[in-house]
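Chemist: Would you mind keeping the following structure in view while I ask a few things?
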Amino acid sequence: MTNLLRLDRKFLPLLMTIVLFILLYGYGVVQYRGFSNPQVFFNLFIDNAFLLITSIGMTFVILSGGIDLSVGAVIAFTTVLSAYMLESLGLSPALVIPAVLLVGVALGAVMGSIIHFFKVQPFIVTLAGMFFARGMCFVISTGAITISDPFYRAVGLFRIPLFGKTFISVNVAIFLVVLAVALYLAHFTRFGRTVYAIGGNEQSALLMGLPVARTRVLVYTLNGFCSALAGVVFSIYGLSGYGLYTVGLEMDAIASVVIGGTLLTGGVGYVAGTVVGVLIQGLIQTTIIFQGTLSSWWTKIAVGLLTLLFIMMQGAFASTRQRRLHLKATTGTKPASQEEGAVLATHYEL
Amino acid sequence: MSQTDSLWRRLSGYNLFWPIIALLLIMLFNLFFMPNFFKIEIKDGHLFGSLIDILNRGAPLMLLAIGMTMVIATAGVDLSVGAVIAISGAMAAVLINPALGKELITSDKLIENVTFTPLWLVIVLGLLVSILCGLWNGLLVSRANIQPMVATLVLMVAGRGVAQLITNAQIITIYYSPYFFIGNGYILGLPFTFYIVAAVFLLAWAITRKTALGLFVESVGINSRSSFLSGINEKNVKLMAYTFCGLCAGIAGLIISSNVKSADANNAGLWSELDAILAVVIGGTLMTGGRFSLAGSVLGALIIQSVTTTIYSFGVPPEVVLVVKAAVVLAVVLLYSEQVKGALNNLFERKGVQP
Amino acid sequence: MPNSNSTLISMQGISKAFPGVQALAQVDFTLYSGEIHALMGENGTGKSTLIKVLTGVERPDAGVITLNGQKIQVKSPLHAQELGISPVYQEINLCPNLTVAENILLGREPRRFNSIDWRKLNQKARQILQRLDIEVEVTQSLGMYPVAIQQMVAIARALEISARVLILDEPTSSLSAHETTKLFQVMRKLKSEGMGIIFITHFINQVYEISDRTTVLRNGKLVGTFETAALPRLELISKMIGKEITAFEDMSRFKQQSDHQTEQAPLLEARKLGHSGVVSPFDLDLHAGEVVGFAGLLGSGRTETARLLFGADKPDHGSLSLAGKMVKKFSPCASILRGIALCPEDRKADGIVPDLTVRENIVLALQASRGWFQFLSQKKQYEIANHYIKLLNISTPSADQLVKNLSGGNQQKVILARWLATNPRVLILDEPTRGIDVGAKAEIQKLVLELAEEGRACVFISSELEEVLRISHRIVVMRDREKVAELSGSNMDEKTVMQAIAGS
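Structure below.
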């Protein structure tokens, strides 16, 4: 019985996020007709697949105690580069897709290396990365490039039927694969555990002999891959590449991770939580659309405030935990001093 | 040790040495390619020329840099300055013509050269709302103990949403001509923005160097705990820094919306936070906080503006400047990193020159 | 029984210098397998430097280290681990967010098809802990357990890496008597398995309880290595303290001169002042012209009491009045204005502002009490700074030198100057002579007595009992966050104080 309770405490933030999701969903079902259509649930995944994919990458980065502000820019850059390669260079998707993924990987690796080996704060390196990627979009093309490639079109229209009249699309399938891989990495590989270790106490991780340098660079590389993959998904469904896409998406990703229960300081959190975090954002957006009169900008404000709320809760949790442990160490345990003092007294008899 | 060696060492010891050299190099580079670069003539009753342009266009950035310096000096950062620019511009536009905020621009009445609110009130309220934004950030950082990057990230996200709300998601054009004076006017031949920047700079300089606040800011940025135990109200010092930064962003927002004669919640001040941080870092203030230099930050802003102008004059599309800025940010931050500093020291030591 | 035939570690002629101080000078040290070897010395005697050399954190300037007869060069902490040298520091170097099992085995996890086999991992962790006679839920986060358990886990990890040399640095500082006994059981078990253990501690009776041999360092030099059982405690103490006692002889004469009865009303009165969970409610009177010493072991709550008196922490119980007036606002700034000053315990974290100059550090508190607008002119600042540089004999090229470039002793003097500049009526000093050379120590102690002579009330907190006895007119004894005794006059001798600390 006690085992169950103790297990609960670790998962508490995740539980809270899930409860929040259920409550929000319940509110929607009660308030609006049509909300109870199961396709509404699946649309959450379909509409936000690219955010889901990139947020998974962001989870690893934040777990390691870092942050990546470049993801929105990398996604946009991927769309522009893909469109350019497909349309202007006339290359086939079989070449383009791996190429852009590689570019994302390279960008991530470079940023991760600078962050680790030069000990520069992650936010400034990735901020520079964001600017670099955005700028490169416009170096390639100042306007949007439409994608007319038949493969992209076909994939975009393809529907995977589920029960009844519901369906999901290919991007959701891609997301599910990414999720599975992420869960495996986080919980069954040394890489994943090292990510958690670095986020918990980097100095200790070093002294424990864990491969901190390699893991940190890999984390940003992985995130670069996720952003690029999200960009591919985005270009399939948007059928164009444009430098002004996904401006500010990094904040949505960070918000999802935080709402999902991951500590911004790192070391604690679950990939599953991030998924729910994204779904909550999608749910808020959907609710506002159903409501009809509110401007969709309210989503941004709501998400911003929700993020703030979760951050403040994280702060409150951390300090109460510290106080509890501190108290434990000072009260209720008999100190060595009594014994110590008595013996010291005898030997001071000069 | 020759005379020139010791002179060089003395000069390079000044904090502003490298930024000044950088600026001079850029000017010379421009002069080389455009002989008219330094030409200043009188046109339409005021001074006119590339240099004046740089001063004028760079005014918002100089203001942001002054505000950001205070925040960075307390070991913090403010990523929301772009959003505050959008908010203050939106506020001004809607106050001038509230109807625009709700309706589409069709009626003739809406493009009249009138204002619904007196100009002075427009400015005051615009600045007030940006001070509130700064206060919000400052409270989150000083009272709620949230990391500065995270706290200001919230406003960076939600702030544009607020601006969108104010403008009802439209780009509002401003038709009231006296408002244009802020960004486009001239007094005694010099742009009005020049006077604004000078006033804010003097204000900041007076507050930090003529009162104890400068010392407190540096102390808090270097060691917050020692500062607290020495009796400094470090919470209020940080609060003041963020509020001041918000105010500077607000002024910049008014200038920008006056310049482009519109309020665009999406694009006003977009990506200006990196410019501001870059200006401060180039100017010699460390990101880790502590000693700061207002003059250095202003110089940094001028350098960035000159580089931008240079690149534009070569016909390169504006957004490409982003790539250059990214490279420069990285270069500057790396130069200040321990590894590179150590390597450079070794290099100079081996050559027998004192670092 | 230590097998002197199998020397695990032999360090010969180790020397290490840092800018301004020779931390180690020709020190020899040997460790046999199957022995527990205590390493003793006051703060700053080179103890920690010796360990840092052995664990690869620092490289020695001279000397040879052999491991099992083979010469080695320890290049880094990781390398030391690979060689089988495993330190367990007071700050547990593990990850509190990971589970106990992970902390023991991460880096060497059992695998199945190239992924972590959690069942085997947890099982193996339980086994290792059983070897140490510990039973905890290995799937729980490490951070949920008290320090004592975390230490065991750290030792377990060290064992897993098949360490041959275990270095325990002040392991019992945060442990209860019961937990210490458990730790010693584990140590004896490991000793019987042939491990060599270096045990660094300042608790003398523990040295006698568990160690086979003791090495004493003083001022970076080796005083000697002895069979613990054959070394009388008195001799151990005198070897640790050495001949410095004479340097302070004139101090007691000085104090006797300034010893006077304080009949007048107390300057500072604390009545049932306390902060739940931090300091139990206490009463305290401080009179002008007296030095009140605070004695007690590490962690007894003296620093917390000082912070309460100064307003750095807010009390939730009781009252405090200064010269008859109740204190309403508890904050450092308000206290400075009232005339109370606190020289904090941790010079680096709470004291100096490293990148500011000596002048700026000295005028900081004074300026803070004047607020934002009453700015001290540059001329005045230099005046004040130079005055104290001269008064306290601070060794610095100028008032514009960055404080971080000064030695520890001079940094402490700068902090002291900062507080003297506020002209306090009550001056609270928390470990003002820690980590300072003998000469500076004597200067500071003399200064405290002079300050009392001028009519201030001084609180002097120190872990060195002799120091406290030397300069206090009264001694307050603390134990476990509680004031337990107040001694004065003829009651003030080592024995009584120690008994008060012990509670017998």
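Protein chains in written order, with the numbering used here: chain A, 508 to 857; chain H, 23 to 377; chain L, 2 to 505. By construction, the Cβ of each residue, glycine as well, lies at the ideal position given by its N, Cα and C atoms. Please read these numbers as outputs of a predicted model, since none were measured by experiment.
1) Just to confirm, is the Cβ distance from His276 of chain L to Pro316 of chain L under 9 angstroms?
2) With distances taken Cα to Cα, identify the nearest neighbour of Ser301 of chain L among L:His474, L:Phe200 and L:Arg480.
3) Scan the region 158 to 183 of chain H for residues whose Cβ lies nearer than 9 angstroms to a Cβ of chain A and list them as they occur along the chain.
4) Can you list, in chain order, the residues of its chain with a C-beta nearer than 7 angstroms to that of Asp286 of chain H? Leave out the 5 residues immediately preceding and following it.
5) For the region 142 to 157 of chain H against the region 230 to 247 of chain H, do three or more pairs of beta-carbon atoms, one drawn from each stretch, fall closer than 8 angstroms, so that the two count as touching?
6) List the whole-angstrom C-beta distance separating Ala126 of chain L from Ile105 of chain L, where the pair is believed to meet the contact cut-off of C-beta under 8 angstroms.
7) Keeping to the same chain, check which residues put their C-beta closer than 8 angstroms to that of Ser505 of chain L; ignore five residues upstream and five downstream.
8) What do you get for Gln375 of chain L, buried or exposed, if any count of 16 or more other CB atoms within 10 angstroms of its CB means buried?
9) If you draw a straight line from the C-alpha of Arg254 of chain L to the C-alpha of Val75 of chain L, how long is it?
10) In chain H, what lies closer than 7 angstroms to Asp356 of chain L by C-beta?
11) Taking the runs of the alpha helix (DSSP H) that are 4 residues or longer, which of them lie wholly in the region 69 to 141 of chain L?
12) Hey, could you find the ends of the beta strand (DSSP E) Met479 of chain L is sitting in?
13) Start and end of the beta strand (DSSP E) containing Tyr33 of chain L?
14) What does DSSP give as the partner residue(s) for Ile37 of chain L in the beta ladder?
15) Does chain H have any CB closer than 9 angstroms to the CB of Glu483 of chain L?
16) What's the gap between the Cα of Leu851 of chain A and the Cα of Arg234 of chain L?
17) Listing by chain order, which chain H residues have their CB less than 7 angstroms from the CB of Asp351 of chain L?
18) Check whether the region 217 to 233 of chain H and the region 340 to 349 of chain L touch, using three or more Cβ-Cβ pairs below 8 angstroms as the test.
19) Taking only beta-carbon atoms, is Ser802 of chain A less than 9 angstroms away from chain H?
20) Find the residues of chain L that neighbour Arg697 of chain A, judging by a C-beta separation of less than 8 angstroms, and give them in chain order.
21) Helix, strand or coil, according to DSSP, for Phe336 of chain H in the structure here?
22) Could you round the C-beta distance between Leu393 of chain L and Leu417 of chain L to whole angstroms and report it? I think they count as a contact, below 8 angstroms.
23) Start and end of the alpha helix (DSSP H) containing His179 of chain L?
24) Just checking: is the beta-carbon of Asn94 of chain L within a distance shorter than 9 angstroms of some beta-carbon in chain A?
25) Cα-Cα, which of L:Leu133, L:Ala324 and L:Ala24 is closest to Pro267 of chain L?
26) Using the beta-carbon count (16 or more within 10 Å), is Pro657 of chain A buried or exposed?
27) Please confirm whether Met41 of chain L and Met196 of chain L have their CB atoms less than 9 angstroms apart.
28) Quick one: using the 10 Å Cβ neighbour count with 16 as the cut-off for buried, is Trp142 of chain H buried or exposed?
29) Figure out for me which residue from H:Phe266, H:Val343, H:Gly322 and H:Asp297 has the closest Cα to the Cα of Leu150 of chain H.
30) Would you call the CB atoms of Thr397 of chain L and Gln413 of chain L closer than 9 angstroms?
31) Between the region 104 to 113 of chain H and the region 165 to 183 of chain H, do three or more beta carbon pairs fall short of 8 angstroms?
32) Could you check the C-alpha separation between Gln258 of chain L and Gln402 of chain L for me, to the nearest Å?
33) Just verifying my parser: in three-state terms, what is the DSSP assignment at Glu487 of chain L?
34) What residues from the region 765 to 796 of chain A come within 8 angstroms of chain L, judged by C-beta to C-beta, listed N to C?
35) Where does the unbroken alpha helix (DSSP H) through Arg723 of chain A begin, and where does it stop?
36) So is Leu154 of chain H in contact with chain A if we call contact Cβ pairs under 9 angstroms?
Modeler: Short version:
1) Yes. Within cutoff.
2) L:Arg480
3) Of all residues in the region 158 to 183 of chain H, only Leu162, Ala166, Asn167, Ile168, Gln169, Met171, Val172, Ala173, Leu175, Val176, Leu177, Met178, Val179, Ala180, Gly181, Arg182 and Gly183 come within less than 9 angstroms of chain A when Cβ atoms are compared, listed by chain position.
4) Ile193
5) no
6) Between Ile105 of chain L and Ala126 of chain L the Cβ distance is about 5 angstroms, and since that is below 8 angstroms, they are a contact.
7) Residue confidence for Ser505 of chain L is low, a pLDDT of 44 falling below 50, so the modelled location carries little weight; the figure read from the coordinates is stated next. Answer for Ser505 of chain L: no residue qualifies.
8) exposed
9) Unreliable placement is indicated for Arg254 of chain L, whose pLDDT of 47 sits below 50; the coordinate value is still reported in the next sentence. About 50 angstroms.
10) Ile244, Gly312 and Arg313
11) Assignment of alpha helix (DSSP H) within the region 69 to 141 of chain L, counting only whole runs of 4 or more residues, yields 78 to 84, 101 to 106 and 119 to 132 in chain order.
12) Arg475 to Arg480
13) Per DSSP, the continuous beta strand (DSSP E) segment holding Tyr33 of chain L begins and ends at Val22 to Tyr33.
14) L:Ile198
15) no
16) Note that Leu851 of chain A scores 29 on pLDDT, short of 50, meaning its location in the model is unreliable; the coordinates nonetheless yield the value given after this. Straight across, the Cα-Cα distance linking Leu851 of chain A with Arg234 of chain L is about 9 angstroms.
17) Arg247, Ser248 and Leu251
18) no
19) yes
20) Leu107, Gly108, Glu110 and Ile117
21) Phe336 of chain H: coil per DSSP, three-state reduction.
22) So it is a contact: roughly 6 angstroms between Cβ atoms.
23) Residues Ala178 to Ser193.
24) So yes, Asn94 of chain L belongs to the interface.
25) L:Ala324
26) The Cβ neighbour count for Pro657 of chain A, taken over all protein chains shown within 10 Å, is under 16; the residue is labelled exposed.
27) no
28) exposed
29) H:Phe266
30) No, these two residues do not count as a Cβ contact at 9 angstroms.
31) yes
32) Because the pLDDT at Gln258 of chain L is just 45, under 50, the model does not fix this residue reliably, and the point stays unresolved.
33) The answer is strand: DSSP assigns Glu487 of chain L an E or B state.
34) Close to chain L, meaning a Cβ-Cβ distance shorter than 8 angstroms, are the following residues of the region 765 to 796 of chain A: Gly774 and Val775.
35) Residues Val719 to Gly745.
36) Look at Leu154 of chain H: its C-beta is not under 9 angstroms from any C-beta on chain A.
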